[in-house]
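**Q** Chains B and A are the protein sequences, given in the same order. Residue numbering for the first sequence follows the numbering used here, starting at 2 and increasing by one per position. Residue numbering for the second sequence follows the numbering used here, starting at 467 and increasing by one per position. First, the structure itself, so that you have it in front of you.
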Amino acid sequence: MGFSEAQVSTSQKRVKPGKPPWPHDGKAMSKRPIPARERKFSRVLLFFEDIVKVPLFKCQRCGECILSSTAFICSQNCPKRMRNGPCGGTGENGSCEVFPDRQCVWYRIYFRSRLLHRISLLYKFNRMHNWSLEGTSSWLNVLKKRIAPPIWLVRHDVQKVKDIIADDAATEN
Amino acid sequence: MTLRQKIESNGFIVCGEITPPQSCDGDVLRARAKYFKGYVDAVNITDNQTAIVRLSSIASARILLDEGIEPIMQMTCRDRNRLAMQSDLLGAAALGIHNVLCLTGDYQTFGDQPEARGVFDLDSIQLITTVATMNNGHLLSGFEMKKAPGFLIGAAANPFAEPLEMRLIRLHKKIVAGAHFIQTQPVFDPEKFARWMERVVDLGLHEKVAILAGVMPVRSAKTLLWMKERVPGMRVRDEYIDRMNHARDPEAEGVAMAVETIQALRATRGVRGIHLMPLNWESITPTILNDAGISVAQ
Chain B
2 MGFSEAQVST SQKRVKPGKP PWPHDGKAMS KRPIPARERK FSRVLLFFED IVKVPLFKCQ
62 RCGECILSST AFICSQNCPK RMRNGPCGGT GENGSCEVFP DRQCVWYRIY FRSRLLHRIS
122 LLYKFNRMHN WSLEGTSSWL NVLKKRIAPP IWLVRHDVQK VKDIIADDAA TEN
Chain A
467 MTLRQKIESN GFIVCGEITP PQSCDGDVLR ARAKYFKGYV DAVNITDNQT AIVRLSSIAS
527 ARILLDEGIE PIMQMTCRDR NRLAMQSDLL GAAALGIHNV LCLTGDYQTF GDQPEARGVF
587 DLDSIQLITT VATMNNGHLL SGFEMKKAPG FLIGAAANPF AEPLEMRLIR LHKKIVAGAH
647 FIQTQPVFDP EKFARWMERV VDLGLHEKVA ILAGVMPVRS AKTLLWMKER VPGMRVRDEY
707 IDRMNHARDP EAEGVAMAVE TIQALRATRG VRGIHLMPLN WESITPTILN DAGISVAQ
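Right, here's the structure in full:
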């Protein structure tokens with residue numbers, strides 16, 4: 002599938018490279034908390050990041066930004082903090098099961114993705130959240146290769162979705 | 467025949483479901499288990515369903531195992547973080563439990579202790595990958611285990627929620643993550659279910675995973691209404707409620723409805739089996755399965 006090498010690269014020496022394979026990643030990238038010497042710089046960057054991201058995307062400062070794969074709607078506004086699609090409780094008109102007066106975040110993400118031709122990115126497996134990055138600057142985390150870089154452009158979206166499905170069919174056999 | 471063998475063969479799979487009691491009384495479970503023995507392939511054990519504290523699913527699953535029934539242990543992400551989940555999974559495997567159903571879990575405000583803190587460290591797809599990683603012989607830390615647990619991984623799907631395509635993407639992700647079988651929400655809207663199933667068959671997903679459709683026998687119109695209004699993600703067509711309201715004998719009508727649903731599902735292409743959920747009405751299981759003409763070869 003169309004995922005960058007960095008996402009599945011191994012960083013812990015205990016694991017044999019490439020095993021266990023994607024998406025069973027026990028080891029993708031660094032899972033350590035950010036070093037003490039970077040904390041102050043991270044806080045400064047976070048100040049500017051918040052100015053941009055909080056009003057625009059209702060950023061929850063998870064430090065592991067996946068906005069680019071969720072059509073620029075912050076998935077962390079979900080009460081269950083789902084990172085891989087909606088839970089089973091979405092109501093009739095896409096209402097949230099916890100707060101019925103709100104709309105399900107993933108319901109909005111789906112329709113925005115369709116509008117922006119970014120459906121193929123919804124197939125992306127978002128790995129387990131590294132909670133030690135909570136409240137740190139995700140811009141710095143990208144620079145320091147702690148998290149995957151954003152995906153800006155998606156070309157030939159419909160074709161890509163078909164490829165993803167075909168790839169899976171091929172690996173099955 | 468174990469559930470794994472049944473999935474690999476081409477038989478029609480029947481799963482039951484038992485809700486553990488809100489006490490430490492294991493005899494309640496044993497009494498309920500009696501109704502399933504010899505009638506189903508495996509029985510789901512719910513994990514603090516609707517966020518209400520109940521006997522733990524691991525202990526319940528072990529009790530069922532002692533009764534000679536294959537359990538499917540449900541595991542939700544609401545109550546545990548990734549450390550507790552891995553250790554519970556190892557514990558379950560050591561106790562001889564080999565089936566696990568990975569769920570995100572109902573939000574804690576649906577239960578009787580809404581003030582509790584929900585964990586939601588992982589979501590259900592990430593839980594599936596956790597179990598798959600453990601099956602591969604590794605813990606999430608990368609530590610290589612001496613013995614891999616070898617779980618059969620289940621997942622849930624909701625065919626009734628909108629938008630349909632998002633549901634299929636999620637189903638697809640669950641399959642890629644490593645799910646072996648899928649259990650759906652109870653079917654009270656056969657047309658919508660058929661539409662979802664058609665798309666699943668179009669994409670060829672039914673060949674990669676065994677899809678078990680949910681069937682829920684109900685005793686009264688009140689239960690149906692309660693489910694429609696209170697259970698998240700449930701769709702109940704008004705015809706069913708009307709039918710129950712106008713029935714002279716609601717229990718018999720409930721059985722008839724369940725049998726009709728089972729027969730319709732059996733005829734649907736791509737459905738590998740059913741998941742029967744007699745909520746607090748376990749004693750009806752043999753009647754329904756006999757009426758529907760389903761017998762599980764032991």
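Beta carbons: idealized from backbone N, C-alpha and C, even for Gly.
Express the C-alpha separation of Q77/B and C60/B in angstroms, rounding to a whole number.
**A** The residue labelled residue 60/B in the question sits at position 59 within the first sequence. The residue labelled residue 77/B in the question sits at position 76 within the first sequence. Approximately 8 Å, taken between the alpha carbons.
**Q** For I641/A, is the classification buried or exposed, using 16 other Cβ atoms within 10 angstroms of its Cβ as the cut-off for buried?
**A** Here the question's residue 641/A lines up with position 175 in the second sequence. Buried.
**Q** Measuring straight from C-alpha to C-alpha, what distance separates R665/A and R696/A?
**A** Taking the first residue of the second sequence as 1, we reach residue 665/A at position 199. Taking the first residue of the second sequence as 1, we reach residue 696/A at position 230. Cα-Cα distance, rounded: 28 Å.
**Q** Look at E536/A and K503/A and say whether their C-beta atoms are less than 8 Å apart.
**A** For this step, residue 536/A is matched to residue 70 along the second sequence. For this step, residue 503/A is matched to residue 37 along the second sequence. Contact flag unset, no.
**Q** In angstroms with no decimal places, state the Cα-to-Cα distance between G644/A and T570/A.
**A** As a working mapping, residue 644/A is identified with position 178 in the second sequence. As a working mapping, residue 570/A is identified with position 104 in the second sequence. Straight-line Cα distance between these residues: approximately 16 Å.
**Q** Please say whether Q540/A and I563/A have beta carbons closer to each other than 8 Å?
**A** For this step, residue 563/A is matched to residue 97 along the second sequence. For this step, residue 540/A is matched to residue 74 along the second sequence. Contact: no.
**Q** On the criterion of 16 or more Cβ atoms from any shown chain inside 10 Å, does R701/A qualify as buried, or is it exposed?
**A** For the purposes of this step, residue 701/A is taken as residue 235 along the second sequence, with counting starting at 1. Under this definition R701/A is a buried residue.
**Q** For the region 581-595 of chain A, which residues have a beta carbon sitting closer than 8 Å to at least one beta carbon of chain B?
**A** Those would be G584, F586, D587, L588, D589, S590, I591, Q592, T595, in chain order.
**Q** Is the Cβ-Cβ distance between E474/A and L742/A less than 8 Å?
**A** The residue given as residue 474/A occupies position 8 in the second sequence. The residue given as residue 742/A occupies position 276 in the second sequence. Not closer than 8 Å, so no.
**Q** So, L588/A versus L637/A, is the Cβ gap smaller than 8 Å?
**A** Indexing the second sequence from 1 puts residue 588/A at position 122. Indexing the second sequence from 1 puts residue 637/A at position 171. The answer is no: Cβ separation not under 8 Å.
**Q** For K503/A, which residues in chain B fall below 7 Å Cβ to Cβ?
**A** Position 37 of the second sequence, counted from the first residue, corresponds to residue 503/A. In chain order: nothing, as chain B lies at least about 30 Å away.
**Q** On the DSSP bridge list, what partners appear for G739/A?
**A** Here residue 739/A refers to the residue found at position 273 of the second sequence. Paired residues: I479/A, L678/A.
**Q** Report the start-end ranges of each beta strand (DSSP E) in the region 666-740 of chain A that is 3 residues or longer and not cut off at the edges.
**A** Segments of the beta strand (DSSP E) lying fully in the region 666-740 of chain A: 676-681.
**Q** Please state the DSSP three-state secondary structure of H604/A.
**A** For this step, residue 604/A is matched to residue 138 along the second sequence. If DSSP states are grouped into helix, strand and coil, H604/A belongs with the strands.
**Q** Tell me the DSSP secondary structure of I619/A in three-state form.
**A** Stepping through the second sequence from its first residue, residue 619/A is reached at position 153. In the structure shown, I619/A sits in a strand (DSSP, three-state: E or B).
**Q** May I ask which residues mark the beginning and end of the alpha helix (DSSP H) holding Q104/B?
**A** As a first step, residue 104/B must be located in the first sequence, where it is residue number 103. Counting along the chain, Q104/B falls outside any alpha helix (DSSP H), and DSSP gives it neither H nor E.
**Q** When you compare only the Cα positions, how much space is there between M627/A and G92/B?
**A** One-based indexing of the second sequence puts residue 627/A at position 161. One-based indexing of the first sequence puts residue 92/B at position 91. The residue you asked about is not Met; residue 627/A is Ala in the sequence shown. If you take the alpha carbons of A627/A and G92/B, they lie about 7 Å apart.
**Q** Might you give, ordered along the chain, the residues of its own chain that have their beta carbon closer than 6 Å to the beta carbon of A499/A, omitting 5 neighbours on each side?
**A** Taking the first residue of the second sequence as position 1, residue 499/A is located at position 33. Closer than 6 Å at the Cβ level, and outside the excluded window around A499/A, lie L530, E533, I535.
**Q** So, using beta-carbon positions, are P625/A and W662/A closer together than 8 Å?
**A** For this step, residue 625/A is matched to residue 159 along the second sequence. For this step, residue 662/A is matched to residue 196 along the second sequence. Result yes, Cβ atoms of P625/A and W662/A sit closer than 8 Å.
**Q** Quick check: is the beta carbon of T570/A nearer than 8 Å to any beta carbon in chain B?
**A** Indexing the second sequence from 1 puts residue 570/A at position 104. By this cut-off, T570/A is an interface position.
**Q** Just the chain A side, please: which residues come within less than 7 Å of V99/B by C-beta, in chain order?
**A** The residue given as residue 99/B occupies position 98 in the first sequence. Result: Y573, T575.
**Q** By the DSSP assignment, the alpha helix (DSSP H) with L530/A in it spans what residues?
**A** Position 64 of the second sequence, counting from 1, holds the residue named residue 530/A. Unbroken alpha helix (DSSP H) run through L530/A: 523-532.
**Q** Around the C-beta of E705/A, are 16 or more other C-beta atoms found within 10 angstroms, so that it is buried, or is it exposed?
**A** Against the second sequence, residue 705/A aligns to sequence position 239. Result: exposed.
**Q** According to DSSP, is I152/B part of a helix, a strand, or is it coil?
**A** The residue given as residue 152/B occupies position 151 in the first sequence. Here I152/B sits in coil by DSSP.
**Q** What's the C-alpha gap between F73/B and V53/B?
**A** Indexing the first sequence from 1 puts residue 73/B at position 72. Indexing the first sequence from 1 puts residue 53/B at position 52. Roughly 12 Å between the two C-alpha positions.
**Q** So who's on the other strand from S96/B, going by DSSP bridges?
**A** The residue labelled residue 96/B in the question sits at position 95 within the first sequence. Answer by DSSP bridge pairing, in chain order: Q104/B.
**Q** Taking C-beta pairs closer than 9 Å, name the residues in chain B that Q651/A reaches, listed in chain order.
**A** On the second sequence, residue 651/A is found 185 positions in, with the first residue counted as 1. Chain B residues near Q651/A: G89.
**Q** Give me the DSSP bridge partner(s) of F647/A.
**A** In the second sequence, counting from the first residue as 1, residue 647/A sits at position 181. Residue pairing from DSSP places F647/A in a beta bridge opposite G620/A, A676/A.
**Q** For A508/A, which of T468/A, L561/A, M682/A, A724/A has the nearest alpha-carbon?
**A** Stepping through the second sequence from its first residue, residue 508/A is reached at position 42. Per the Cα distances, T468/A.
**Q** Show which residues of chain A have a CB atom less than 8 Å away from the CB atom of L123/B.
**A** Position 122 of the first sequence, counting from 1, holds the residue named residue 123/B. Here the neighbours are M632, I635.
**Q** What did DSSP end up calling T468/A once you bin it into helix, strand or coil?
**A** In the second sequence, the residue the question calls residue 468/A occupies position 2. The answer is coil: DSSP assigns T468/A none of H, G, I, E or B.
**Q** Output, in chain order, the set of chain B residues within a Cβ distance shorter than 7 Å of R665/A.
**A** As a first step, residue 665/A is located in the second sequence; it is residue number 199 there, counting from the start. Those within 7 Å of R665/A in chain B number zero; the least Cβ separation is about 12 Å.
**Q** Along the chain, where does the beta strand (DSSP E) containing A508/A start, and where does it finish?
**A** Working through the second sequence from its first residue, we reach residue 508/A at position 42. First-last of the beta strand (DSSP E) with A508/A: 508-511.
**Q** Name the DSSP bridge partner or partners of K56/B?
**A** Taking the first residue of the first sequence as 1, we reach residue 56/B at position 55. One detail in the question is off: residue 56/B reads as Pro in this sequence, not Lys. Bridge partners of P56/B: none, in fact.
**Q** Indicate whether A687/A and F617/A have their beta-carbon atoms separated by less than 8 Å.
**A** Within the second sequence, the letter at position 221 stands for residue 687/A. Within the second sequence, the letter at position 151 stands for residue 617/A. Pairing A687/A with F617/A gives a Cβ-Cβ distance that is not under 8 Å.
**Q** Since T542/A sits in a beta bridge, which residues does DSSP pair it with?
**A** Numbered from its first residue, the second sequence carries residue 542/A at position 76. DSSP, once it has assigned bridges, lists L569/A as partnering T542/A.
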